[in-house]
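Peer 1: Could you have a look at this structure, given as structure tokens, before my questions?
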Amino acid sequence: MRNAVIQSRRSLYAIRMEVANELMVRGIVVGVFQENCWVVGNRRTGEAICIDPGDQPDEVLALARDIGVRIKYIANSHAHIDHILGVQGVHSATGAKFLLHAADLDLLRNGWKGAAARFGLDLAQGPPDPDQFVADGDIVEVAGLQLRTITTPGHTPGSVSYYTEGMLFSGDTLFRGSIGRTDLPGGSLDQEMQSICERLLVLPDDTIVLPGHMEETSVGFEKVHNPFVLEWTRRPSDAKPWDGLQ
2 MRNAVIQSRR SLYAIRMEVA NELMVRGIVV GVFQENCWVV GNRRTGEAIC IDPGDQPDEV
62 LALARDIGVR IKYIANSHAH IDHILGVQGV HSATGAKFLL HAADLDLLRN GWKGAAARFG
122 LDLAQGPPDP DQFVADGDIV EVAGLQLRTI TTPGHTPGSV SYYTEGMLFS GDTLFRGSIG
182 RTDLPGGSLD QEMQSICERL LVLPDDTIVL PGHMEETSVG FEKVHNPFVL EWTRRPSDAK
242 PWDGLQ
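Counting in my numbering, the sequence shown runs from 2 upward without gaps.
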């Protein structure tokens, strides 16, 4: 039943983008948390980057093989359990460099243990430490493209998004018509809204947003239709810390 649900979600939400007959973007929904893992590959170079391998590393690796690319980087938007369960498997199979923001290192090392207990998951091993930390403005060059790191704290202290012209991988910061939860340790609603409005929604309106859960959206759509964004932008500049939608 679990595989059937995952397959159904995958056929509904996975996107297939091709740019200049070289760049391929594939999304796969993985695990019990139904998390979107993205593989961006290039036919010419044979390279790929895997963003947020949240679970089922064998399926992620199979996807890369199917499109004829080798995963060179694993880039995580943050270190919550639903985004890291597949990191170890992909990392050990490919030797890819694992990228994460340093502010999420403690969450990476220790957060998965408590989360696994809460959700009844029997995990013997957590993810590896990052091979490289990313910071705001860092460029990841892979598969013939340049992905710019945008720090977007709020969902977690070290949340980041990855941007290249026309595409934004927003992790759990920005969703279609919604935002990432901020009630977990290290979360901040005010910080997340600032990240969204001041760092992401300043990108071109036609930028496709590929989030960590649910279907894709665009910067322009979220500016007009996201209720959290609309409520936030109506607040006076001297408003007290925000409690969310009223």
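Beta carbons: idealized from backbone N, C-alpha and C, even for Gly.
Hey, out of Leu231, Ser93 and Pro205, whose CA is closest to glycine 221's CA?
Peer 2: Of Leu231, Ser93 and Pro205, the residue nearest in Cα terms is Pro205.
Peer 1: What ranges does the alpha helix (DSSP H) occupy inside the stretch 175-201, keeping only unbroken runs of at least 4 residues that lie completely in it?
Peer 2: 190-196
Peer 1: Use the C-beta contact count for alanine 140: other C-beta atoms within 10 angstroms, 16 or more gives buried, fewer gives exposed.
Peer 2: One detail in the question is off: residue 140 reads as isoleucine in this sequence, not alanine. Classification of isoleucine 140: exposed, given that the 10 Å Cβ count is below 16.
Peer 1: Just confirm the distance between the C-beta atoms of glycine 112 and aspartate 173, as a whole number of angstroms; I'd bet it's less than 8 angstroms.
Peer 2: No, glycine 112 and aspartate 173 are not in contact; Cβ-Cβ is about 14 angstroms, not under 8 angstroms.
Peer 1: Select from Glu193, Ala49 and Cys198 the residue whose C-alpha is nearest the C-alpha of aspartate 67.
Peer 2: Ala49
Peer 1: In three-state terms, what does DSSP make of leucine 122?
Peer 2: Here leucine 122 sits in coil by DSSP.
Peer 1: Using C-beta distances below 7 angstroms, list every residue in its chain close to leucine 109, excluding the 5 sequence neighbours before and after it, in chain order.
Peer 2: Ala80, Ile85, Leu101 and Pro128
Peer 1: How about isoleucine 72 and alanine 65: do their beta carbons lie closer than 8 angstroms?
Peer 2: In this structure, alanine 65 lies closer than 8 angstroms to isoleucine 72 by Cβ.
Peer 1: Are the stretch 88-99 and the stretch 151-161 in contact at 8 angstroms, needing three or more beta carbon pairs?
Peer 2: no
Peer 1: To the nearest angstrom, how far is the alpha carbon of phenylalanine 34 from that of aspartate 83?
Peer 2: Whole-angstrom Cα-Cα distance: 6 angstroms.
Peer 1: Given this structure, state the Cα-to-Cα distance separating aspartate 59 from histidine 92, to the nearest angstrom.
Peer 2: 11 angstroms
Peer 1: Whose C-beta lies closer than 8 angstroms to the C-beta of glycine 69 among residues of the same chain, with five residues either side of it excluded?
Peer 2: Gly42, Arg44 and Gly47
Peer 1: State yes or no: is the C-beta of aspartate 56 within less than 8 angstroms of the C-beta of glycine 28?
Peer 2: no
Peer 1: Go ahead and pull the three-state DSSP assignment for histidine 92.
Peer 2: helix
Peer 1: Taking the runs of the beta strand (DSSP E) that are 3 residues or longer, which of them lie wholly in the stretch 60-119?
Peer 2: The DSSP assignment places complete beta strand (DSSP E) segments of no fewer than 3 residues inside the stretch 60-119 at 71-76 and 98-102, in order along the chain.
Peer 1: Going by Cα to Cα distance, which pick from Pro131, Ser171, Trp233 and Leu148 is closest to serine 78?
Peer 2: Ser171
Peer 1: Looking at alanine 104: is its Cβ nearer than 8 angstroms to the Cβ of tyrosine 163?
Peer 2: no
Peer 1: Alpha carbons only, please: which of Val135, Val225 and Phe176 is nearest the one belonging to valine 210?
Peer 2: Phe176
Peer 1: In whole angstroms, what is the alpha-carbon distance linking threonine 150 and leucine 122?
Peer 2: 31 angstroms
Peer 1: Note down the Cα distance separating glutamate 193 from glycine 167, rounded to an integer number of angstroms.
Peer 2: 22 angstroms
Peer 1: Who are glutamine 172's beta bridge partners in DSSP?
Peer 2: According to the sequence as given, residue 172 is glycine; it is not glutamine. Partner(s): Pro212.
Peer 1: Please classify valine 143 as buried or exposed, where buried requires at least 16 other C-beta atoms within 10 Å of its C-beta.
Peer 2: buried
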